[in-house]
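Visitor: To convert, count from 1 in the sequence shown and add 98; that's this note's numbering. Note that CB positions come from ideal geometry on N, CA and C, so glycine has one too. Bear in mind that the values here come from a model prediction, so they are computed numbers and not experimental data.
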Amino acid sequence: MRVLGIESSCDETSAAVVRGPVERPTLDSLVILSQDVHRLFGGVVPEIASREHLTAIVPVAERALADAGIDASQVDGIAVTHAPGLVGALLVGVSFAKALGAALQKPVIGVHHMEGHLFATALEHPDAAPPFTALLVSGGHTMLLDVEAWGRYRLLGATRDDAAGEAFDKTAKLLGLPYPGGRHIEELARSGDPGRVRFPRPMLHGGQRLGDADYYDVSFSGLKTAVLLAVRASQDLDAERAHIARGFQDALIETLVAKTMRAARAHGRTRIVLGGGVACNGALVAAARSAAAELGAQVFAPTPRLATDNAAMIAAAGLFRLGNGERDDATLNAFSTRPIPGLVEGLSPATPLPFPRC
Ligand code: KG4
Ligand code: ZN
């Protein structure tokens with residue numbers, strides 16, 4: 099089965115062709131057009147994003163098909179992000195996919211953007227397959243999931259306020275760095291002294307027990323305020339900027355990694371999959387790898403092209419859903435928020451790993 103994926107939930111217009119089987123998908127092409135215009139405004143302007151998608155969607159999809167060496171009639175189905183995201187932006191992709199599907203008489207499936215992020219890593223690492231613990235960290239979402247099988251997800255924890263990427267972007271703004279700020283913070287933090295500026299680890303302490311509401315959840319708005327106070331208190335921001343960036347990044351990473359290890363341990367998972375734009379962060383990946391080594395677990399992280407928003411992950415998730423016989427009809431709509439599909443409740447039957455508490 100060959101699927102054309104379309105992604106337009108935020109500020110990337112992307113199309114890709116992915117070929118099955120689901121267990122070993124092949125990426126035939128991937129085109130990503132990033133809308134640089136938003137840098138001027140320090141954040142994504144929804145109306146501009148929609149208009150940019152509208153002008154880009156046809157040439158981007160044509161290019162993805164050409165790169166895959168096929169024409170549109172040779173795809174077996176079309177997968178499109180329909181939630182969550184900016185509704186006006188999503189509608190461009192959804193309308194395009196529905197029109198193309200109708201014209202070609204091919205099935206169309208709406209894909210949840212975060213389910214797409216779950217599938218991204220498997221495109222590069224066939225072993226990044228369920229069961230695994232997943233940490234999804236993007237600009238809009240932070241989710242800790244137990245993935246028992248494709249399509250069966252336990253949502254263990256999420257952010258109570260800012261997403262991890264949002265915390266990076268806002269901290270970058272406070273430090274006078276460009277948008278989006280994640281990679282700039284990472285770069286600056288490399289020259290910062292660890293421990294010179296120490297921020298509290300948000301919602302992380304040894305007294306937390308499995309079953310506590312804050313055992314897996316994270317919260318980054320307090321950390322952002324702590325950065326703001328540090329910036330205000332600084333006598334010489336130029337000299338301290340890198341130390342503040344390092345302090346922020348260390349606090350955020352330690353929190354995310356500790357909670358991810360709790361999840362892997364509690365569910366007996368020996369594979370941990372990272373996804374979303376913040377998974378580009380080398381310090382996060384290194385910290386996750388070293389903590390996972392203590393559990394005897396392996397960490398899989400996508401390369402930046404597949405970690406950040408792209409249509410290949412949407413095509414891969416669509417390959418799974420279309421392969422299951424799922425289809426959407428002409429009523430397929432776009433939604434700004436929507437729970438990830440396939441949520442199951444409770445602890446998995448797996449045996450916890452016999453390792454010390456994190
Ligand atoms: O997944 P993504 O491309 O878009 C959303 O679905 O939101 O994630 C974008 C986020 C931005 O907040 C960006 O600052 C962050 O990923 N990011 C990073 C790095 N590269 C991108 N955060 C930390 N370190 C990085 N190297
Ligand atoms: Zn995303």
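#1: Leaving out five residues on either side along the sequence, give the residues of the same chain with a beta carbon under 6 Å from the beta carbon of Tyr324.
#2: Do the CB positions of Val129 and His136 come within less than 8 Å of each other?
#3: Of the choices Thr358, Val115, Ser107, Val173, whose alpha-carbon is the least far from that of Ser132?
#4: Kindly list the residues whose CB is nearer than 6 Å to the CB of Thr435, restricted to its own chain and excluding five residues on each side of it in sequence; keep chain order.
#5: If distances are taken between C-alpha atoms only, which option among Met99, Gly345, Gly140, Leu152 comes closest to Ile176?
#6: Quick test of your reading: Gly118 and Leu404, contact by CB under 8 Å. State the CB separation rounded to the nearest angstrom.
#7: Is DSSP giving Leu393 helix, strand or coil here?
#8: Provide the residue(s) that pair with Ile370 in DSSP beta bridges, ordered along the chain.
#9: Compute the Euclidean distance between the alpha carbons of Asp260 and Ser317, then round it to the nearest angstrom.
#10: Can you find a heavy atom of ligand 2 that lies under 7 Å from the Cβ of Asp407?
#11: Tell me whether Val376, by its Cβ, gets closer than 7 Å to a heavy atom of ligand 1.
#12: Taking 8 Å as the threshold (C-beta atoms), are Ala432 and His210 in contact?
#13: Tell me whether Asp291 sits in a helix, a strand or coil according to DSSP, three-state version.
#14: Using only alpha-carbon positions, find the residue among Gly238, Leu302, His303, Asp348 that is nearest to Ser289.
#15: Relative to ligand 1, is the shortest distance from any of its heavy atoms to the C-beta of Ser289 smaller than 7 Å?
#16: Mapping DSSP to helix, strand and coil, what is Leu131?
#17: Beta carbon of Arg436: closer than 7 Å to some heavy atom of ligand 1?
#18: If I measure Cβ to Cβ from Asp165 and keep anything under 6 Å in the same chain, skipping five residues before and after, which residues do I get?
#19: Is the CB-CB distance between Gly249 and Pro278 below 8 Å?
#20: Shortest alpha-carbon distance to Gly263 belongs to which of Asp134, Ala377, Pro123, Arg122?
#21: Enumerate in chain order the residues of its own chain whose CB-to-CB distance from Ala386 is below 6 Å, with the five nearest sequence positions on each side excluded.
#22: What does the alpha-carbon distance come out to for the pair Asp427 and Arg307?
#23: If we call anything under 8 Å between Cβ atoms a contact, is Met359 one with Ala389?
#24: Hey, would you say Ala381 sits closer than 8 Å to Ile412, going by beta carbons?
#25: Are there 16 or more other CB atoms within 10 angstroms of the CB of Cys456, so buried, or fewer, so exposed?
#26: Work out the CA separation of Gly191 and Ser148 for me, nearest whole Å.
#27: Note down the Cα distance separating Asp174 from Gly374, rounded to an integer number of angstroms.
#28: Determine the direct distance from the alpha carbon of Ile207 to that of Val158, and round the result to whole angstroms.
#29: Which first and last residues belong to the alpha helix (DSSP H) in which Ala262 is found?
#30: CB of Gly440 to nearest heavy atom of ligand 1: below 7 Å?
#31: Taking the alpha carbon of Phe139 as the reference point, which residue from Glu285, Gly304, Ser171, Lys271 has its own alpha carbon closest?
#32: Would you call Asn408 buried or exposed, if buried means 16 or more other Cβ atoms sit within 10 Å of its Cβ?
#33: Evaluate Val156 with the Cβ neighbour count: other Cβ atoms within 10 Å of its Cβ, from every protein chain shown; 16 or more gives buried, anything less gives exposed.
#34: Run through the region 123-169 for me and flag every whole alpha helix (DSSP H) of 4 or more residues, listed as ranges in chain order.
#35: Starting from His303, trace the beta strand (DSSP E) both ways and give me its first and last residue.
#36: Just mark Leu441 as buried or exposed, buried being the case when its beta carbon has 16 or more other beta carbons within 10 Å.
Guide: Let me lay it out:
#1: In the sequence under discussion, the amino acid at residue 324 is Ala, which differs from the Tyr named in the question. Result list for Ala324: Phe297, in chain order.
#2: Judged by their CB atoms, Val129 and His136 are not nearer to each other than the 8 Å cut-off.
#3: The shortest C-alpha separation from Ser132 is found at Ser107.
#4: Pro182, listed in sequence order.
#5: The candidate whose alpha carbon is nearest that of Ile176 is Met99.
#6: Contact doesn't hold; Cβ gap of about 17 Å is too wide.
#7: Of the three classes helix, strand and coil, the one that applies to Leu393 here is helix, per DSSP.
#8: In DSSP, Ile370 forms a bridge with Thr231, Val397.
#9: Cα-Cα distance, rounded: 7 Å.
#10: Checking every heavy atom of ligand 2 against the Cβ of Asp407, one is found closer than 7 Å.
#11: Answer for Val376: yes, Cβ within range of ligand 1.
#12: No, they are not a contact pair.
#13: Coil, per DSSP.
#14: Nearest neighbour of Ser289 by Cα position, chosen from Gly238, Leu302, His303, Asp348, turns out to be Asp348.
#15: False, no ligand heavy atom lies under 7 Å from that Cβ.
#16: Strand.
#17: Result no, Cβ not under 7 Å from ligand 1.
#18: Closer than 6 Å at Cβ, skipping near neighbours: Ser127.
#19: No.
#20: Of Asp134, Ala377, Pro123, Arg122, the residue nearest in Cα terms is Ala377.
#21: For Ala386, where only same-chain residues beyond five positions count, the Cβ hits under 6 Å are Val355, Val397.
#22: If you take the alpha carbons of Asp427 and Arg307, they lie about 45 Å apart.
#23: In this structure, Met359 places its C-beta atom within 8 Å of the C-beta atom of Ala389.
#24: Cβ distance not < 8 Å, so Ala381 and Ile412 don't count as in contact.
#25: For Cys456, the pLDDT reaches just 37, beneath the cut-off of 50, and the residue's location in the model is therefore unreliable, leaving the point undetermined.
#26: Spanning the two alpha carbons is a distance of roughly 10 Å.
#27: If you draw a straight line from the Cα of Asp174 to the Cα of Gly374, it comes to about 27 Å.
#28: Their backbone Cα atoms lie some 19 Å apart in a straight line.
#29: Boundaries of the alpha helix (DSSP H) harbouring Ala262: 262-272, taken from the DSSP string.
#30: Annotation for Gly440 indicates a beta carbon at 7 Å or more from all heavy atoms of ligand 1.
#31: Among Glu285, Gly304, Ser171, Lys271, the Cα nearest to that of Phe139 is on Lys271.
#32: With a threshold of 16 other beta carbon atoms within 10 Å, Asn408 meets it and is buried.
#33: So Val156 counts as exposed.
#34: Counting whole runs of 4 or more residues, the region 123-169 contains the alpha helix (DSSP H) stretches 144-165.
#35: Note, His303: premise wrong, no beta strand (DSSP E); not H, not E.
#36: Leu441 is exposed by the Cβ-count criterion.
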